[in-house]
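See structure below.
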Amino acid sequence: MDLLEFAAFALAVVFWSVGMWSILGAYVAGRRATAHLDRAHSNNYLRNLYLRPHAPNTGALLGKNEKRHTVVRNYVVRTRYAMAGFVIACAIAVILSLLRYD
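For the sequence shown, the positions run -15 to 86 when the numbering used here is used.
Here is the structure:
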């Protein structure tokens, strides 16, 4: 395995680890938001969350629950990008290893 293949595999491992930590972060943030909603019995919040467009993440304009759901959405987007990077880095590593053995 030459240096270029090793770099591609290392990049794949980095993307995979970022994706796994993002999945864990989304799970923890989702559990916190769900626990808070269960305690507050906030049916009105859930109705507003799904019936109106999402506000931009300005911080001052969002309530505590909306901030938590924005955190979950951010983790989900980060996970998507990390998994896409993982697939691309794996494909590059496999192509490089196939080209080496031709």
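All C-beta atoms in this analysis are idealised placements derived from N, C-alpha and C, irrespective of residue type, glycine included.
Note that the structure is a prediction, hence the values are computed from the model and not measured.
Exercise for review: Check tyrosine 11 in the structure and name its three-state DSSP category.
Suggested key: Position 27 of the sequence shown holds residue 11. Correct three-state label for tyrosine 11: helix.
Check your understanding: Given leucine 80, which residues of its chain have a CB within under 7 Å of its CB, disregarding the five upstream and five downstream residues?
Key -> The residue labelled residue 80 in the question sits at position 96 within the sequence shown. Closer than 7 Å at the Cβ level, and outside the excluded window around leucine 80, lie Leu(-12), Glu(-11), Ala(-8).
Point to revise | Inter-residue Cα distance where the pair is arginine 62 and leucine 82 | key: Against the sequence shown, residue 62 aligns to sequence position 78. Against the sequence shown, residue 82 aligns to sequence position 98. One C-alpha to the other measures close to 30 Å.
Practice item. Check each candidate in Val55, Ala13, Ala73 and name the one with the smallest Cα separation from tryptophan 0. Key: In the sequence shown, residue 0 corresponds to position 16, counting from 1. Looking at the Cα atoms, Ala73 is the closest of the given residues.
Point to revise | Sequence-distant residues of the same chain with beta carbon closer than 7 Å to valine 55, five excluded per side | key: As a first step, residue 55 is located in the sequence shown; it is residue number 71 there, counting from the start. Closer than 7 Å at the Cβ level, and outside the excluded window around valine 55, lie Ala13.
Practice item. State buried or exposed for tyrosine 59, treating a residue as buried only when at least 16 other CB atoms are found within 10 Å of its CB. Key: As a working note, residue 59 is residue 75 in the sequence shown. Classification of tyrosine 59: buried, given that the 10 Å Cβ count is 16 or more.
Review point. For the putative contact between valine 2 and alanine 66, defined by C-beta atoms under 8 Å, what is the C-beta separation to the nearest angstrom?
Key: As a working note, residue 2 is residue 18 in the sequence shown. As a working note, residue 66 is residue 82 in the sequence shown. About 4 Å; that satisfies the 8 Å criterion.
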